[in-house]
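For what it's worth, the numbering used here labels the leading residue of the sequence shown as 156, then goes sequentially.
Cβ coordinates follow ideal geometry from the N, Cα and C atoms, glycine included.
Since this is a predicted model, take the numbers as computed values, not measurements.
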Amino acid sequence: METMGIDEVIDSRQMEVECHACHAPNHRTLGWMRDRHETQCDCCGELIVLGTADLRSKMRNTERLLRVLSEQLSQTLQHNLAGLHR
Ligand SMILES: [Zn+2]
Numbered sequence: 156m157e158t159m160g161i162d163e164v165i166d167s168r169q170m171e172v173e174c175h176a177c178h179a180p181n182h183r184t185l186g187w188m189r190d191r192h193e194t195q196c197d198c199c200g201e202l203i204v205l206g207t208a209d210l211r212s213k214m215r216n217t218e219r220l221l222r223v224l225s226e227q228l229s230q231t232l233q234h235n236l237a238g239l240h241r
């Protein structure tokens, strides 16, 4: 029984976006940021641009890492389950 697929896990993954004005860490999910180009700082209301190369590459890296982990995890689980049924 699967409750959450890897795409949902990736979309709900929170990332920290630092405000360039007050340096407060703002937390946004990957799925939320994917369709948006800017957000307002929770702390001071400053506009934060989400489309920067640095942030986009961080998002891609996080997504890639989660996919690799998910594949390794499911392989390990299958291996362990196969062992149980022997
Ligand atoms: Zn701020």
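Candidates the options: closest to residue i by CA position
i, options, result
"residue 178", "229, 195, 158 and 169", "195"
"residue 250", "210, 200 and 198", "Because the chain here runs from 156 to 241, residue 250 falls outside it and cannot be looked at."
"residue 166", "222, 229 and 201", "222"
"residue 161", "185, 213 and 208", "185"
"residue 197", "214, 173 and 212", "173"
Own chain partners of residue i with C-beta closer than 8 Å, once the 5 adjacent residues on each side are dropped
i, result
"residue 171", "180, 181 and 182"
"residue 175", "201 and 203"
Residue i, DSSP secondary structure in three states
i, result
"residue 201", "coil"
"residue 219", "helix"
"residue 231", "helix"
"residue 168", "coil"
"residue 248", "In the structure displayed, the chain extends from 156 to 241; residue 248 sits before or after that span and is not available."
"residue 159", "coil"
Contact belief for residue i with residue j at Cβ below 8 Å, rounded distance in angstroms
i, j, result
"residue 205", "residue 193", "6 Å"
Counterpart residues of residue i in DSSP-defined beta bridges
i, result
"residue 173", "180"
"residue 194", "203"
Spatial neighbours of residue i in its chain, beta-carbon cut-off 6 Å, leaving aside the 5 residues before and after
i, result
"residue 169", "182 and 184"
"residue 188", "205"
Nonlocal neighbours in the same chain, by C-beta distance under 7 Å from residue i, ignoring five residues either side
i, result
"residue 207", "none"
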